[in-house]
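Taken in sequence, the protein lines are chains A and B. Going left to right, the first sequence walks through residues 108 to 337 as my numbering numbers them. Going left to right, the second sequence walks through residues 3 to 116 as my numbering numbers them.
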Amino acid sequence: FQFQEHAFLQFLGLDKVPSPQKFQPVPYILKKIFHDQETAATIGISRDLCYVKELGVQGNILRLLPDQGFFLYSKNLPQASPCLQKLLYFNLSAVKDEERLTMAQLGLDLGPNTYYHLGPDLELVLSLVQEPHVWDRSIPKPGKMFVLQSVPWPQGVLHFNLLEVAKDWSNNPQKNLGLFLEILVKGQRDSGVNFQLEDTCARLRCSLHASLLVVTLNPKQCHSSSRKRR
Amino acid sequence: AAIPAPKVSCKNLCHRHQLFINFRDLGWHKWIIAPKGFMANYCHGDCPFSLTTSLNGSNYAFMQALMHAVDPAIPQAVCIPTKLSPISMLYQDNDDNVILRHYEDMVVDECGCG
Numbered sequence: 108f109q110f111q112e113h114a115f116l117q118f119l120g121l122d123k124v125p126s127p128q129k130f131q132p133v134p135y136i137l138k139k140i141f142h143d144q145e146t147a148a149t150i151g152i153s154r155d156l157c158y159v160k161e162l163g164v165q166g167n168i169l170r171l172l173p174d175q176g177f178f179l180y181s182k183n184l185p186q187a188s189p190c191l192q193k194l195l196y197f198n199l200s201a202v203k204d205e206e207r208l209t210m211a212q213l214g215l216d217l218g219p220n221t222y223y224h225l226g227p228d229l230e231l232v233l234s235l236v237q238e239p240h241v242w243d244r245s246i247p248k249p250g251k252m253f254v255l256q257s258v259p260w261p262q263g264v265l266h267f268n269l270l271e272v273a274k275d276w277s278n279n280p281q282k283n284l285g286l287f288l289e290i291l292v293k294g295q296r297d298s299g300v301n302f303q304l305e306d307t308c309a310r311l312r313c314s315l316h317a318s319l320l321v322v323t324l325n326p327k328q329c330h331s332s333s334r335k336r337r
Numbered sequence: 003a004a005i006p007a008p009k010v011s012c013k014n015l016c017h018r019h020q021l022f023i024n025f026r027d028l029g030w031h032k033w034i035i036a037p038k039g040f041m042a043n044y045c046h047g048d049c050p051f052s053l054t055t056s057l058n059g060s061n062y063a064f065m066q067a068l069m070h071a072v073d074p075a076i077p078q079a080v081c082i083p084t085k086l087s088p089i090s091m092l093y094q095d096n097d098d099n100v101i102l103r104h105y106e107d108m109v110v111d112e113c114g115c116g
């Protein structure tokens, strides 16, 4: 029973059998979309496969891209520098040319949302990297800033809409130099509790997890649904 | 006089045959997160003239079976899927991306003569 593995992989849109080294965590939203679709198919409810109801966008392929960037360490004294500086990088090469981007949502998980570790308020700065990172310079020259936000900590997952940025990266891959994330500690929420800056920053570095949820629509597979909707 | 209906055993008649492909048998459980496998059901069986009206058949199948009864050189109506459903696959690729894709009309739910 020689299963035509290669033919089936091609049918799935893959050119060879993936051999991931470790399983990435699957976010709740992808599991929910998967189970909703499986349940609908099992009970015979037909759903538009080219519309992601749970996200309110058109699309039939959802990809969660892990951050492939790295932490940066400033040469200044800890008190004078941000708590955390990280270059975030997402590889968009998996998105095929014919696919149309309909959503790109950056997820910044700052750690579990628990009240046992009340932390200081944080100031979060996110900017585009517009020049290649030069190694002898500790941090990349930040380009256009598009998030400057104060957040109480713990905070759980923060989401930012990166659709226009991702479209630009997808159309001009050489522009994709990543994002520059800086997190500063903004004093303390409860003056009675003394926060050790260093271990606060160490905890933040350990818990930070960034990912980019990308939804695309493949017009070759989705023309029929638009006709149905018409 | 009614044409004596050929004694056709039920199991030869057109119906859905269930076939489950377990991804573990293919070693694909190492990269497919969900589901554990998928139903590769298929349609198979005869579409005799006497039963085309009951085998979930189309009008076309009835006419084709009628013509086959008159001239055996004309092929019989065939056993085909009449209801299909999609599957969703959650898997990981070589860049550690987690991908969720929907594939339309993948699973045969019902068969009939067409």
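Note that CB positions come from ideal geometry on N, CA and C, so glycine has one too.
Nearest to A:C308 (by Cα), restricted to the options A:L179, A:V321 and A:L137: A:L179
Three-state secondary structure (DSSP) of A:V133: coil
Beta-carbon gap between A:L50 and A:F267 smaller than 8 Å: Absent from the model: residue 50 of chain A. The displayed extent of chain A is 108 to 337, so no value can be given.
Alpha-carbon spacing of B:Y62 relative to B:G116, whole angstroms: 7 Å
Beta strand (DSSP E) segment containing B:Y44, residue limits: Y44 to H46
Neighbourhood of A:L156 by C-beta, 6 Å cutoff - its chain only, sequence neighbours within 5 removed: N167
Secondary structure of A:V300, DSSP reduced to three states: Only weak support exists for where A:V300 lies, its pLDDT of 46 falling under 50; the coordinates are left without a value.
Rounded separation between B:I34 and B:N43 - CA only: 20 Å
Interface positions of the segment 131 to 149 of chain A facing chain B (Cβ-Cβ less than 7 Å), listed along the chain: Q131, V133, L137, I140, F141, Q144, E145 and A148
Three-state class that DSSP yields for A:Q295 in the structure shown: Per-residue confidence for A:Q295 stands at a pLDDT of 45, beneath the threshold of 50, marking its modelled position as unreliable; the derived number appears in the next sentence. The answer is coil: DSSP assigns A:Q295 none of H, G, I, E or B.
Beta carbon proximity, A:I290 to chain B, threshold 8 Å: no
C-beta atoms of A:V292 and A:L304 nearer than 8 Å: yes
B:V100 versus A:A201 - alpha carbon distance: 11 Å
Beta-carbon gap between B:M108 and B:F40 smaller than 8 Å: yes
Distance cut-off 7 Å: B:L68 Cβ against heavy atoms of the ligand MG: Ligands in the displayed structure: none, and consequently the ligand MG is not present.
Interface flag, B:L21 vs chain A, CB-CB below 8 Å: no
Sequence-distant residues of its chain with Cβ nearer than 7 Å to B:C81 (five each side left out): C16, C45, H46, G47, C49, C113 and C115
8 Å Cβ cutoff met for A:D306 and A:P259: no
Span of the beta strand (DSSP E), counted from its first residue to its last, around B:V109: V100 to C115
Supposed close pair A:L277, A:L171 - CB separation, criterion 8 Å: Reading off the sequence, residue 277 of chain A comes out as Ser, not Leu. 16 Å between Cβ atoms; not a contact.
Partner residues on chain B for A:A201, Cβ-Cβ distance less than 7 Å: D95, D97 and N99
Residues that A:I168 bridges to, as DSSP identifies them: A:T323 and B:R103
Proximity to B:Q78 [Cα-Cα], best of B:H70, B:K32 and B:I23: B:H70
Local conformation of B:D73 per DSSP, three classes: coil
Closest Cα partner of B:D95 within the set B:H31, B:F22, B:I23 and B:N14: B:H31
Chain B contact residues for A:S126, given Cβ-Cβ distances below 9 Å: K32, W33 and N96
Whole-angstrom C-beta distance between A:L119 and A:M210, which should lie under 8 Å: Actually they are not in contact, since the Cβ atoms of A:M210 and A:L119 sit about 22 Å apart, beyond 8 Å.
Reduced DSSP secondary structure (H/G/I, E/B, other) of B:I82: strand
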